[in-house]
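What follows is a single structure, written as structure tokens, with notes after it.
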Amino acid sequence: MLNFIYYPVSAILWVWHKVFGFVFGADSGFAWALAVVFLVFTLRAVLYKPFVKQVRTTRQMQELQPQIKALQKKYSGDRQRQAVEMQKLQKEHGFNPIMGCLPVLAQAPVFIGLFHVLRSFNRTGTGMGQLGMDPATNASTPNYVFSAADVQSFLDARLFGAPISAAITTPVAQLQAYVTENVPELPSRLNIILVAAPLMIIASIATHFNSRASVARQSEAAAANPQSAIMNKLALYVFPLGVLVGGPFLPIAILLYWVANNIWTYGQQHLVFRKIDAEEEEKKQEAISRRNDNAPKPGARPNPAKKKGSPAALSATESSDESELPEVSLNKADKPATKPTGSGGGGASSKPKQNRPQSNRGNSPKRNKRR
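Quick note, the working numbering runs 41 ahead of the 1-based positions in the sequence shown.
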């Protein structure tokens with residue numbers, strides 16, 4: 042039914058087992074354990090860009106929280122109009138909620154596929170989804186991409202004395218499948234617990250710290266949201282506790298998957314957050330630099346010409362154009378001719394009257410002599 046998931050997952054696991062089997066040996070538990078770990082790393086490397094988009098989407102969602110709350114308050118009585126306005130707001134800002142869920146949605150099929158492939162190495166159980174094979178038939182039956190020889194190698198592998206596909210609660214009847222010609226002893230329950238319990242604790246602690254790092258980067262408005270507060274508490278306390286509760290029922294290889302996934306997430310979060318913070322700081326410094334360039338120096342008037350397209354810039358341009366026009370001077374030759382006076386000779390033109398300065402009669406020189 043889900044072969045389109047099982048075959049790719051088993052193929053990636055097969056490739057990494059061949060790589061590490063060349064170093065440690067095909068039947069080594071370390072080769073199989075590292076194959077599971079690098080299966081996780083392969084998946085997370087493919088999902089690196091979607092993870093970056095998820096972080097940007099989450100931050101954008103936090104920035105839009107005030108506008109979202111305003112829309113919810115404005116259209117509290119009209120859910121349909123509220124949904125329309127929310128979609129319009131998301132479209133205006135290029136917000137895509139699906140990008141925030143893509144990495145999680147992509148990891149879920151891989152987790153299911155790995156769980157099924159690991160479980161299919163031991164098909165001796167009789168419960169739901171089990172084929173009820175006897176140990177000999179199980180060891181000689183291929184498992185998706187893995188051949189019968191690979192299945193036998195997996196059953197012989199031990200990680201500190203424990204089969205990596207065994208769980209703490211695995212029944213003794215199913216543990217009989219790990220008794221082979223190369224390893225004739227029945228796996229010890231104590232060995233399984235000693236390997237699985239530390240992995241459960243590490244996975245739980247890593248889950249808590251990853252959630253803590255994500256919650257610490259939330260804005261105050263987002264953290265104050267009641268729904269966000271509930272989700273934060275679930276991520277910080279309930280999910281890590283769920284690892285401890287569900288761990289005894291999971292194969293050791295799945296616990297390895299969980300630990301490796303959390304370690305990758307912790308490192309990737311810090312790397313991506315640091316990168317995004319550096320980008321935002323660079324944009325902030327560029328904005329400050331542009332503002333300082335446009336600001337007038339101390340004691341100087343602002344230059345409106347720097348702001349292109351503003352009315353002040355246009356008026357400054359017009360005034361500068363007018364100042365560049367050539368000055369027109371009126372010379373004597375350019376003065377208009379005066380009309381001839383009728384006194385004296387007929388056609389002879391008379392000189393234009395010169396305006397003499399009028400002096401005060403009381404101060405004229407002739408009257409001063411008479412006196």
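Beta carbons: idealized from backbone N, C-alpha and C, even for Gly. Owing to the predicted nature of the structure, the values given are computational and were not obtained by experimental measurement.
Beyond the five residues adjoining it in sequence on each side, glycine 62 comes within less than 6 Å, by CB distance, of Ala72 in the same chain, given in chain order. Under the DSSP assignment, glycine 166 falls outside any alpha helix (DSSP H); it carries neither an H nor an E label. In the displayed model, leucine 130 falls within a helix according to three-state DSSP. Its chain contains Ala67, Asp68 as the residues whose beta carbon lies nearer than 6 Å to that of serine 194, once the 5 sequence neighbours on both sides are disregarded; these appear in chain order. Remark: three or more beta-carbon pairs, one from each stretch, lie closer than 8 Å, so the segment 310-318 and the segment 246-260 are flagged as touching. In the pairwise beta carbon analysis, the segment 318-337 is classified as not touching the segment 218-235: fewer than three pairs are separated by under 8 Å. For alanine 294, the closest alpha carbon among the candidates Ala203, Gln106, Asp175 is that of Ala203.
Distance from the CA of alanine 180 to the CA of arginine 97, rounded to the nearest whole angstrom, comes to 48 Å.
Per DSSP, aspartate 334 is one residue of the alpha helix (DSSP H) stretching across 293-335. Beyond the five residues adjoining it in sequence on each side, alanine 301 comes within less than 6 Å, by CB distance, of Val78, Val81 in the same chain, given in chain order. Annotation note: the segment 89-119 contains the following uninterrupted alpha helix (DSSP H) runs of length 4 or greater, listed N- to C-terminal: 89-104, 106-115. Between the segment 242-250 and the segment 274-281 there are three or more inter-stretch CB-CB distances shorter than 8 Å, so the stretches are counted as touching. Beyond the five residues adjoining it in sequence on each side, leucine 285 comes within less than 8 Å, by CB distance, of Met241, Ile242, Ser245 in the same chain, given in chain order. DSSP places alanine 198 outside both helix and strand once states are collapsed to three, so it counts as coil. Taking 8 Å as the cut-off, the Cβ atoms of alanine 214 and leucine 291 do not count as close.
For the set Pro281, Gly287, Leu282, Ser252, the Cα lying nearest the Cα of alanine 270 is the one of Ser252. DSSP lists Leu200 as the beta-bridge partner residues of alanine 203. When the Cα atoms are used, leucine 296 and glycine 288 turn out to be separated by approximately 7 Å.
Here asparagine 223 carries a coil assignment [DSSP, helix/strand/coil].
Out of Pro183, Ala190, Leu130, the CA that lies nearest to the CA of methionine 102 is found in Leu130.
Residue state for asparagine 266 is assigned as coil, using DSSP reduced to three classes. For arginine 230, the uninterrupted alpha helix (DSSP H) segment begins and ends at 230-257. Within the model, the alpha-carbon separation for methionine 174 versus isoleucine 304 is close to 37 Å.
Residue pairing from DSSP places asparagine 184 in a beta bridge opposite Phe187. Residue environment: asparagine 163 is assigned as buried (16 or more neighbouring CB atoms within 10 Å of its CB, all protein chains considered). The alpha-carbon separation between alanine 124 and alanine 336 amounts to approximately 43 Å. By the Cβ neighbour-count rule, phenylalanine 45 is exposed, with fewer than 16 other Cβ atoms within 10 Å of its own.
Alanine 198 has its alpha-carbon roughly 16 Å from the corresponding atom of valine 60. Using a Cβ distance threshold of 8 Å, valine 192 and tyrosine 47 do not count as a contacting pair.
Between the C-alpha atoms of alanine 265 and methionine 127 there is a straight-line separation of about 20 Å. In the structure shown, serine 69 falls within a coil segment according to DSSP collapsed to helix, strand and coil.
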